[in-house]
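Written out below as structure tokens is the structure these notes cover.
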Ligand code: VAH
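Numbering (the working numbering), first residue to last: 44 to 362.
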């Protein structure tokens, strides 16, 4: 039987590009995109779309039954910075949506679930360099608390009910097609747009704030790879550490200057600096590389080249 996949939160930063890639892999008609609002014209034209509230289990079940869905990617979440402004809304969205999908999987309405965790599960007491797969996890953000709790729910539903749920702890994800919303790592996306448009950028993190990051293409590859792996390859049912590159605002600015020589950056740390300071600097993802063959393709130089060459193609950012 063909796989039919529902993506909940398809209009978000990762969801948008994940939907596009899954439609290339599985065929447009087999990928049902859904979100609380309609997507861009390209998404709406390329396959089925449904308005779904990620916290509404009945709505999710209706779509599953309408299209005979057998896999769900739950991409809806409130990210770190926004969740600090609306703690209880962030907790409710991130937890209610996950438990709704896990319950549907427990009741055999879904065969396989993907749910993203985040490096935000680590806190000040976790090792910052080569943060291990298993270590102290005392997050200080609502987002991180919800992701730690979510990981243990995933592990519980797998062990108790046999639910096939798989998860990755994403680092900061860098993209150029869809702007992110409400993340602490979003500076590393905005900087490219501002560099090409205005040749200057005010960064809300300090120049030496080192964070684990990953290019969107690698993140999408990893997400599909873990879902296509054989179940017996998945030894971790909380969530897998995933790393790729690690850089500071100063380092990414210097890389951009190779393309925009007169680019200037200033630093004005805000509340997001306190969040970033609790996160790892470099993540150990050797278990993902061993269990299901993960490997990243892009480093800071090749990512920057790909982003800038793509942005330059759109008239809005041609230098
Ligand atoms: C955020 N981009 O900044 C997300 C991510 C680890 C960071 O989870 O909240």
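From the three backbone atoms N, C-alpha and C, an ideal C-beta is built for every residue, glycine too.
Item	Value
Host beta strand (DSSP E) of residue 92 (start-end)	92-94
Contact between the region 80-96 and the region 121-128 (3+ Cβ pairs under 8 Å)	no
Which of helix, strand or coil DSSP assigns to residue 243	strand
Closer than 7 Å: residue 222 CB and nearest the ligand VAH heavy atom	no
Residues near residue 46 by beta carbon distance below 8 Å, same chain, minus five either side	69, 73, 113, 114
First and last residue of the uninterrupted beta strand (DSSP E) at residue 119	Premise fails: residue 119 is in no beta strand (DSSP E) and is neither H nor E.
Three-way DSSP call (helix, strand, coil) for residue 310 in this model	strand
Outcome for residue 314 when other beta-carbon atoms lying within 10 angstroms are tallied against a minimum of 16	exposed
Chain-order list of residues whose beta-carbon lies under 8 Å from that of residue 86 (same chain, five-residue window excluded)	53, 54, 59, 62, 63, 76, 92
Whether residue 17 touches residue 238 by CB criterion (8 Å)	Outside the modelled stretch of the chain, which goes from 44 to 362, sits residue 17, for which no answer is possible.
Inter-residue Cα distance where the pair is residue 308 and residue 246	7 Å
Contacts around residue 264, its chain only, beta-carbon distance under 8 Å, and the 5 residues preceding and following it disregarded	340
Residue from 252, 89, 153 whose Cα sits closest to the Cα of residue 106	153
N-terminal and C-terminal residue of the alpha helix (DSSP H) that residue 89 is part of	84-89
Given residue 210 as reference, the closest of 192, 223, 226 once Cα atoms are compared	192
Residue 186 CB to nearest heavy atom of the ligand VAH below 7 Å	yes
Residue 279 and residue 330 closer than 8 Å at C-beta	yes
Beta-bridge partners of residue 284, as assigned by DSSP	212
Assumed close pair residue 326, residue 159 - CB separation to whole angstroms, cut-off 8 Å	So it is not a contact: roughly 15 Å between Cβ atoms.
The ligand VAH heavy atom lying under 7 Å from the CB of residue 281	no
Among 225, 328, 259, 116, nearest to residue 284 - alpha-carbon criterion	328
Contact test: residue 116 Cβ vs the ligand VAH heavy atom, cutoff 7 Å	no
Residue 98, buried or exposed, once every other Cβ within 10 Å from all chains shown has been counted against 16	buried
Proximity to residue 332 [Cα-Cα], best of 323, 351, 272	272
Endpoints, the alpha helix (DSSP H) within which residue 333 is located	329-335
Any non-hydrogen atom of the ligand VAH within 7 Å of residue 370 CB	Outside the displayed span of the chain (44 to 362) sits residue 370, for which this structure offers no information.
Check: residue 248 C-beta below 7 Å from any heavy atom of the ligand VAH	no
Boundaries of the alpha helix (DSSP H) in which residue 343 is found, first to last residue	343-356
C-beta atoms of residue 255 and residue 185 nearer than 8 Å	no
Straight-line Cα distance separating residue 232 from residue 244	11 Å
Where residue 175 falls: helix, strand or coil (DSSP)	coil
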